[in-house]
Structure formats: structure tokens, C-alpha cells
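Trainee: Numbering (full-length UniProt numbering), first residue to last: 1 to 138. We treat Cβ as the ideally placed atom computed from N, Cα and C, and that holds for glycine.
1. Within this structure, are the beta carbons of residue 20 and residue 79 separated by less than 8 Å?
2. Alpha carbon to alpha carbon, how far is residue 126 from residue 133? Give it in angstroms, no decimals.
3. For the segment 28–40 against the segment 58–75, do three or more pairs of beta-carbon atoms, one drawn from each stretch, fall closer than 8 Å, so that the two count as touching?
4. Are the CB atoms of residue 28 and residue 44 within a distance shorter than 8 Å?
5. For residue 74, which of 12, 26, 109, 8 has the nearest alpha-carbon?
6. Measuring only the C-alpha atoms, how far is residue 140 from residue 83?
7. Verify whether the separation of the beta carbon atoms of residue 94 and residue 11 is less than 8 Å.
8. Quick check on DSSP: helix, strand or coil for residue 139?
9. If you draw a straight line from the alpha carbon of residue 48 to that of residue 90, how long is it in whole angstroms?
In C-alpha cells, the structure reads:
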């Protein structure tokens, strides 16, 4: 992030190339870990002599695991929002640049059209007619 609070193009590249894929990998790892925890809890519950103790332990594992996954999802969502914001800023910037170029093109077209119109005009020379003189009476 910049000191002003905005994000740069390098931040966008880091989000796309590193942070978002890392977040996804962490979520996939958490998925596998949740499956392992579920299997352990099920086996422990069936083998444990005191099933209430096994149930309490399973609840703790479930709470910790789900809290971890919720944090990872939140982190991933924040990074995705940052990425979308940066891409929106980039699209808006490109839109402004395209509009500017379009205006310059329109101005140049207008200038060319005026030149062509000017080239088609012909200067008229006005021939002065001699004044009408009344005939002299003789």
C-alpha cells in the first residue's frame, strides 16, 4: 500500500500472483485438515470410554477449526475486494485516457473538415461597375 492509503499496480500484481493463490492454498489445506479432524473426532468418540469427554473435545476442535477457516475466508475476501478495487481504478483510468484520445481525434477531424470546407470556397472578386451617368442633354 502507498503512504496515501491507495494501492499500486505492484500491489495488484502481488495480489494476483501471490496473496490470492496463497489464500486458496491455505483454504485447501484447511479443508484437508478439517476432514482429518472430523475423522479423528469420530474415531475418538467411538473408542473413548467417556463419550461426553470426547464430545467436548470434538466441540473444541470444531470451534477452533471453523474459526480458523472463517478467518481465512475473511482474509481471502478482503484480498479479492482489494483486487477488484484496483482493477476498477485501472479500468477507470484507461477509460479516461480513451475518452481524452477520442476528444483529440474529434477536434482534429473538425479542424480537417473546416480546412476542406475552406479549400472548396472560391474568393469572389467584385467587379466595380461604372456609375450610371445621366446622358447629357444637348
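Mentor: To lay it out plainly:
1. yes
2. 20 Å
3. yes
4. no
5. 26
6. The structure shown does not extend to residue 140, since the chain is modelled only from 1 to 138, so the question has no answer here.
7. no
8. Shown here, the chain extends from 1 to 138; a query on residue 139 therefore has no answer.
9. 58 Å
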